[in-house]
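Novice:
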Amino acid sequence: MLQLRKLSVTVRNKKILTDIDFQFEKGKIYAVMGPNGSGKSTLAYSIMGHPLYKVTAKSKIIFGKRNISALSPDKRAGVGIFLSFQSPLSLSGVKVYQLLQLALNGKKDPIAVRSVVKKYAQELNINEDLLSRSLNDGTSGGEKKKLEVLQAAVLDKKLMIFDEVDTGVDIDALKSIARFLNKHKNGKTYILITHYNRILHHLKPDKVLVIIDGKLKKVGDHRLAEKIEKLGYEKVIKN
Amino acid sequence: MQQQQGNLDFEYRYGFAMPQNYVFKAKRGLNQQIVKEISWMKKEPQWMTDFRLKSYDIFTKKIMPTWGPDLSRINFDDIYYYIKPIDKQASSWEDLPKEIKETYDRIGVPEAEKKFLAGVSAQYESEVIYESINRELNKLGVIFCDMDTALRKYPQIVREYFGTLIPPHDNKFAALNSAVWSGGSFVYVPKGVKVSLPLQAYFRINAENFGQFERTLIIGEEGSQVHYIEGCLPAGEKISIGQTWANIETVKPGDFVMTGNGYLSKVSKVMVRKYKGRMYKITPISPVNSFSLTKEHPILSIKRKDVLVKRKIRNNWLPEVDSKKLVNEVPVYRKVTELERGDFIIFPKPKKQFLKQTLLTDEEIEFLGFYTAEGSLHFHKKLRQYIVALTFSEKEEENIERVKELIFKITGKKAMVVKSKEKHAVTIVIYSLKLHDLCLRYVGKHAYKKKLNDEILNLSNTQLENFFWAYFKGDGNLFIKTSSGSHLYRASTASYELAIQLQEILAKIGIFASMQFRKGGEDIVLGRTILRKDQYIIAFTKPKQWTEVRETEDYYIVPIKKIEETDFDDFVFNLEVEGANSYLVKGFAVHNCTAPVYTTDSLHAAVVEIFVKKGARVRYTTVQNWSKNVYNLVTKRARAEKEAFMEWIDCNLGSQITMKYPSVYLYGEGAKGEVLSIAFAGKDQLQDAGAKMLHFAPNTSSRIVSKSISKSGGRTSYRGLVQVFPGAKNSSVYVSCDALILDKESRSDTYPSMKIKENDVTIQHEATVEKLGDEKLLYLMSRGIKKTDAEGLIVNGFIEPVVREIPLEYSIELNRLINLEMSGSVG
Chain A
50 MLQLRKLSVT
60 VRNKKILTDI
70 DFQFEKGKIY
80 AVMGPNGSGK
90 STLAYSIMGH
100 PLYKVTAKSK
110 IIFGKRNISA
120 LSPDKRAGVG
130 IFLSFQSPLS
140 LSGVKVYQLL
150 QLALNGKKDP
160 IAVRSVVKKY
170 AQELNINEDL
180 LSRSLNDGTS
190 GGEKKKLEVL
200 QAAVLDKKLM
210 IFDEVDTGVD
220 IDALKSIARF
230 LNKHKNGKTY
240 ILITHYNRIL
250 HHLKPDKVLV
260 IIDGKLKKVG
270 DHRLAEKIEK
280 LGYEKVIKN
Chain B
3 MQQQQGNLDF
13 EYRYGFAMPQ
23 NYVFKAKRGL
33 NQQIVKEISW
43 MKKEPQWMTD
53 FRLKSYDIFT
63 KKIMPTWGPD
73 LSRINFDDIY
83 YYIKPIDKQA
93 SSWEDLPKEI
103 KETYDRIGVP
113 EAEKKFLAGV
123 SAQYESEVIY
133 ESINRELNKL
143 GVIFCDMDTA
153 LRKYPQIVRE
163 YFGTLIPPHD
173 NKFAALNSAV
183 WSGGSFVYVP
193 KGVKVSLPLQ
203 AYFRINAENF
213 GQFERTLIIG
223 EEGSQVHYIE
233 GCLPAGEKIS
243 IGQTWANIET
253 VKPGDFVMTG
263 NGYLSKVSKV
273 MVRKYKGRMY
283 KITPISPVNS
293 FSLTKEHPIL
303 SIKRKDVLVK
313 RKIRNNWLPE
323 VDSKKLVNEV
333 PVYRKVTELE
343 RGDFIIFPKP
353 KKQFLKQTLL
363 TDEEIEFLGF
373 YTAEGSLHFH
383 KKLRQYIVAL
393 TFSEKEEENI
403 ERVKELIFKI
413 TGKKAMVVKS
423 KEKHAVTIVI
433 YSLKLHDLCL
443 RYVGKHAYKK
453 KLNDEILNLS
463 NTQLENFFWA
473 YFKGDGNLFI
483 KTSSGSHLYR
493 ASTASYELAI
503 QLQEILAKIG
513 IFASMQFRKG
523 GEDIVLGRTI
533 LRKDQYIIAF
543 TKPKQWTEVR
553 ETEDYYIVPI
563 KKIEETDFDD
573 FVFNLEVEGA
583 NSYLVKGFAV
593 HNCTAPVYTT
603 DSLHAAVVEI
613 FVKKGARVRY
623 TTVQNWSKNV
633 YNLVTKRARA
643 EKEAFMEWID
653 CNLGSQITMK
663 YPSVYLYGEG
673 AKGEVLSIAF
683 AGKDQLQDAG
693 AKMLHFAPNT
703 SSRIVSKSIS
713 KSGGRTSYRG
723 LVQVFPGAKN
733 SSVYVSCDAL
743 ILDKESRSDT
753 YPSMKIKEND
763 VTIQHEATVE
773 KLGDEKLLYL
783 MSRGIKKTDA
793 EGLIVNGFIE
803 PVVREIPLEY
813 SIELNRLINL
823 EMSGSVG
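Below, the structure is given as structure tokens:
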């Protein structure tokens, strides 16, 4: 479904990712782990098409059968990719309804959108007030993450990347996010970028990828995440 | 002949003049004599003439303000200071001259009037020519009229307040306004009266180089309440985008439109400008295809006089034309003012270019034709089955048999036939998901919403004929004129989109069809009363063409039935199309706009004085969108007495330079003042806006919220002054100014100034400058939102705290204007 070939990324002429080769398969759950600053978020941004993250000429990001590495982020969303942001910026005056309405580009009836949003908000225990307030403006970290997950479900893309959806989230919120993601999985592909094994107890990954210093150092099954939790990255890589 | 078969790129002529039929137009420039003349023309009392002359004297002595934007390009000698458009002032809507009524119809004033039932006072050039004062307002003793009338009818009130809050020596432009003022509104609200509906006025600058110097005076007596609005509203025209027509204002760069040679081309730029002047409505023999345009859009046309037969004029007919000559005549782009009834305009035949191989079989195409005319889609809930149903009159046996046959061929299933005796109808019903989806995909459902998809429109001509005639068997009828033996084919549909598409299909298969509109209502069919929807009727004659339409290989030559002229002052749209200099408006070839941008600048120097008495509340809302060559220099000031509340809501989008700092003088204890403002500066614009709050009394409070946006090299400045005088104890001041800068070329400055001479004061000052960063854009784009839409969303979100204070139709208009500015489309 998503294939990265020799993916190298620079930000302001600084190389962050080097020659990542990996094939993500349809319907599976992937965990991407690694220490701070190893390039996990860069991976997410470059799949989404962040303009500051320059992909080198040799790199290829192939989605389905199409090389999308030159597409703008909105076009990538169009082919079926969603990114849940690590720290979503606040958008004053922009309501989640408005955003989703525009994102669905009139494909769905506004009333239908509203009822779906409401339903998902209930499932995620999101206070209804938040839906008619400015998005991410003065909301807690956990609520921000829940709103990201809500958008993911409404927009319903084939590939969903969650960048640290578990960070800054209390245990109850984490549980409801994980429960929600399990419930709405429906054959979609999830990439969970995370520091901790915590969320992986609820959402069992098919594969765990370890990125260190911008390189894909190790790939394993869910047991790899447990090992990392026990031993730390250095020891796991050395073994 | 050869030229006609090639691209329809013909030469056209430029050169226009603006006719102005004003009753009185003073000479350019200003002197004592002109000031006297203005006062004399208006039959003003002596004190006003003296006031004007004194003000003129002050104006000549005052220097230009030097602390703000550069105003050196204003040439006071090049401006008309007074224009009076009509003789008498109309007192009701009905009394207005027809053309002016039509102008207001276009901008929707009557609707606004109905909605608000309050007074609408519309200003056309410098004189208020129409106002309707609601009876309720009159009963309450509220006065709402133009300033000139007020001076005549209520001289004492006017004299008591006029020029006392903003005296002529306040600044050079206040002095100028005091000398030459004309028009504007007068509002007087008596003690305790609360006017719940907003009073509105529409301001406009119509002539080039004409300064607008309106003067507004509002007095809210003790305990009263009123909301006054000045603003603007829009209009649009449909253009061809291949399968259907779109409102021109919804077209965006990157969209495809059909050009004058019948091909689809990409729109590279959409330009919008404020247009003031004549608007021409051309009605060809096909009335629904009528369209409006300014004379700066030349139209591909043939003059009747160039193709006449040498024969005497018979009966009362238009001179007859020689068909051969007409078909061989090379069409030329002409401006509308050169055209008249009987001349011909060009309706290009759409050409196919994205030939997609269709997977549709001939049977399916024919069936879709029948479905388009007579079909409906249903879902049987209990059986969980999808149903396609077609209803015919029981007499149409041939059609019924054919449809059954087609259904069998497509689905392999036999259709059911349900007869309804009392309705004399036969319904063919088939349970088939395949057929249901086919119909839904290619035609859609509901009679008034049916619309063919691209694939149908791109079928080959044989296939289109197959489709159309099947459709016609269902919805059409044929009249044979016994006298001439000519055959008139007519079909009617409730779907506007479909009607246009059918016209296009017919054009492709060599038939020019005329289109008419029939209003819906009650009707009697076979003895039963039914409620009929609006109908669009497509008519043509065959084998002989519609008598007056001629055909060449590339286009139809269609005569003009009528050209109507109206006055217009609003936004007009123009497209720049890649590789072509023309596009189709309602099917006809129109050239890009050739309007010259005014090289000289206009001046708008208004003065607004507001007196808010004890416990009264006045709100003044402005949505300003002057054309981009106007200097908008306005002095606005209010005086708030004890416990009074004054609010200014001020949105500035247009003009070249704006200098506007609405102020509130808080004289009475506990008075409150508020300024909420939005400024948007695009290319070559400078919005220097802000507010002034002066606290003279204890317990007074003021609040300033300013939002400014700059884009494409535009500049915004916030300039604010808050002064708290000694003794204004326990006063509170809140200032928040936020700037949003959309690109590197643009700029924003803040000049806040506070002079606090009292210790017991609460002061809050917040200022933010935000550059529209990649992060926010990425966030929205990652949701699948296009970049321009994402920017629009951010900008509209940014100004939302102010916009929510504005009445709905103005806030919608404001959002629309901002989205237009955002799409990089301002011409």
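The listed protein sequences correspond, in order, to chains A and B.
Residue numbers for the first sequence follow this note's numbering, beginning at 50 and rising by one.
Residue numbers for the second sequence follow this note's numbering, beginning at 3 and rising by one.
No residue lacks a Cβ here, since even glycine has one placed at the ideal position from N, Cα and C.
Am I right that L678(B) and V707(B) are in contact with their C-beta atoms under 8 Å? What's the rounded C-beta distance?
Specialist: Right, their Cβ atoms sit about 5 Å apart.
Novice: Helix, strand or coil, according to DSSP, for T374(B) in the structure here?
Specialist: In this structure, T374(B) counts as helix in the three-state DSSP scheme.
Novice: Please confirm if H99(A) has its CB atom under 8 Å from at least one CB of chain B.
Specialist: Closer than 8 Å to some Cβ of chain B, the Cβ of H99(A) qualifies, so yes.
Novice: Looking only at C-alpha atoms, which of H251(A), G263(A), I242(A) and K264(A) sits nearest to Y79(A)?
Specialist: Considering only alpha carbons, the answer is I242(A).
Novice: Of the choices V81(A), L56(A) and G76(A), whose alpha-carbon is the least far from that of V214(A)?
Specialist: Minimum Cα distance to V214(A) is reached at V81(A).
Novice: Shorter than 8 Å from the beta carbon of V143(A) to some beta carbon of chain B?
Specialist: It does: the Cβ of V143(A) has a partner Cβ on chain B nearer than 8 Å.
Novice: Examine chain B for any beta-carbon lying closer than 8 Å to the beta-carbon of G127(A), and answer yes or no.
Specialist: Chain B contact via Cβ: present.
Novice: Touching or not, the stretch 612-632 of chain B and the stretch 642-662 of chain B, by the rule of three or more beta carbon pairs under 8 Å?
Specialist: With a cut-off of 8 Å, the stretch 642-662 of chain B and the stretch 612-632 of chain B count as touching, because enough Cβ pairs lie within range.
Novice: Return no unless some Cβ of chain A is closer than 8 Å to the Cβ of N455(B).
Specialist: By this cut-off, N455(B) is not an interface position.
Novice: Report buried or exposed for P169(B), applying the criterion of at least 16 other Cβ atoms within 10 angstroms of its Cβ.
Specialist: Answer is exposed; the Cβ neighbour count stays below 16.
Novice: Scan the stretch 196-224 of chain A for residues whose Cβ lies nearer than 7 Å to a Cβ of chain B and list them as they occur along the chain.
Specialist: Those would be Q200 and L204, in chain order.
Novice: Does DSSP put V203(A) in a helix, in a strand, or in coil?
Specialist: Here V203(A) sits in helix by DSSP.
Novice: Closer than 8 Å by beta-carbon distance: list the chain B residues that pair up with L51(A), in chain order.
Specialist: The premise fails here: L51(A) is roughly 15 Å from chain B at the closest Cβ pair, so nothing lies under 8 Å.
Novice: What beta strand (DSSP E) runs, 3 residues minimum, are completely inside the stretch 705-772 of chain B?
Specialist: Entirely contained in the stretch 705-772 of chain B, the beta strand (DSSP E) runs reaching 3 residues are, in chain order, 717-726, 733-743 and 749-758.
Novice: Should the stretch 152-172 of chain B be regarded as contacting the stretch 610-630 of chain B, the criterion being three or more beta carbon pairs within less than 8 Å?
Specialist: Flag = yes, the stretch 152-172 of chain B and the stretch 610-630 of chain B touch.
Novice: Which residues in chain B sit within 9 Å of L140(A), going by Cβ to Cβ distance?
Specialist: By Cβ distance, chain B contributes K778, Y781, L782, L795, I796 and G799.
Novice: Taking all protein chains shown into account, do 16 or more other C-beta atoms lie within 10 angstroms of the C-beta of Q48(B), making it buried, or fewer, making it exposed?
Specialist: Q48(B) is exposed by the Cβ-count criterion.
Novice: Can you list the residues of chain B that L148(A) reaches, using a CB-CB cut of under 8 Å?
Specialist: In chain order: L782, R785, I787 and L795.
Novice: Determine the direct distance from the alpha carbon of W69(B) to that of S94(B), and round the result to whole angstroms.
Specialist: Below a pLDDT of 50, predicted positions are generally treated as unreliable, and S94(B), at 46, falls in that range; no measurement from the model is reported.
Novice: Using a Cβ cut-off of 8 Å, pull out every chain A residue sitting near D791(B), in sequence order please.
Specialist: Near D791(B) (Cβ distances below 8 Å), the residues of chain A are L151.
Novice: Using CA coordinates, which residue listed in H697(B), L362(B), R785(B) and E424(B) is at the minimum distance from M852(B)?
Specialist: In the structure displayed, chain B extends from 3 to 829; residue 852(B) sits before or after that span and is not available.
Novice: How far does the beta strand (DSSP E) with D212(A) in it extend, from its first residue to its last?
Specialist: It spans L208 to D212 - the beta strand (DSSP E) in which D212(A) sits, taken as one unbroken run.
Novice: Could you give the DSSP three-state label for R621(B): helix, strand or coil?
Specialist: Note: R621(B) maps to strand in three-state DSSP.
Novice: Which class does R182(A) belong to by DSSP, given the choice of helix, strand or coil?
Specialist: If DSSP states are grouped into helix, strand and coil, R182(A) belongs with coil.
Novice: Count the other C-beta atoms from every protein chain shown that fall within 10 angstroms of the C-beta of H382(B), then say buried if there are 16 or more, exposed otherwise.
Specialist: The residue is exposed, with fewer than 16 neighbouring Cβ atoms inside 10 Å.
Novice: Measure how close the beta-carbons of A2(B) and K644(B) come, nearest whole angstrom, since I'm counting them as under 8 Å.
Specialist: For chain B, the structure presents residues 3 to 829; residue 2(B) sits outside this window and is missing.
Novice: How is the alpha helix (DSSP H) around K169(A) delimited, first residue to last?
Specialist: One detail in the question is off: residue 169(A) reads as Tyr in this sequence, not Lys. Counting along the chain, the alpha helix (DSSP H) containing Y169(A) begins and ends at P159 to E172.
Novice: Just mark E177(A) as buried or exposed, buried being the case when its beta carbon has 16 or more other beta carbons within 10 Å.
Specialist: So E177(A) ends up on the exposed side.
Novice: Can you tell me whether D148(B) is buried or exposed? The criterion is at least 16 other CB atoms within 10 Å of its CB, across all chains shown.
Specialist: Its Cβ being crowded by 16 or more others within 10 Å, D148(B) is buried.
Novice: At the 8 Å Cβ level, is E802(B) part of the contact set with chain A, yes or no?
Specialist: Interface residue, yes.
Novice: Have a look at E239(B) and P333(B) and give me their C-alpha separation to the nearest angstrom.
Specialist: With a pLDDT of 37 at E239(B), under the threshold of 50, the predicted position of this residue should be treated as unreliable, though the coordinate-derived value follows. When rounded, the distance between both Cα atoms is 24 Å.
Novice: Using beta-carbon positions only, say whether P561(B) and F346(B) come within less than 8 Å of one another.
Specialist: Closer than 8 Å, so yes.
Novice: Is the separation between the beta-carbon of A683(B) and that of D652(B) shorter than 8 Å?
Specialist: Taking 8 Å as the Cβ cut-off, A683(B) and D652(B) do not qualify as a contacting pair.
Novice: Which chain B residues sit within Cβ distance under 9 Å of D123(A)?
Specialist: Ordered by position in chain B, the residues that pass the 9 Å Cβ test against D123(A) are L782, M783, S784, R785, G786, I787, K788, K789, D791 and A792.
Novice: Under three-state DSSP, which class holds K144(A)?
Specialist: Of the three classes helix, strand and coil, the one that applies to K144(A) here is strand, per DSSP.
Novice: Tell me, which residues are paired with Y102(A) by DSSP?
Specialist: Beta-bridge pairing links Y102(A) to V60(A).
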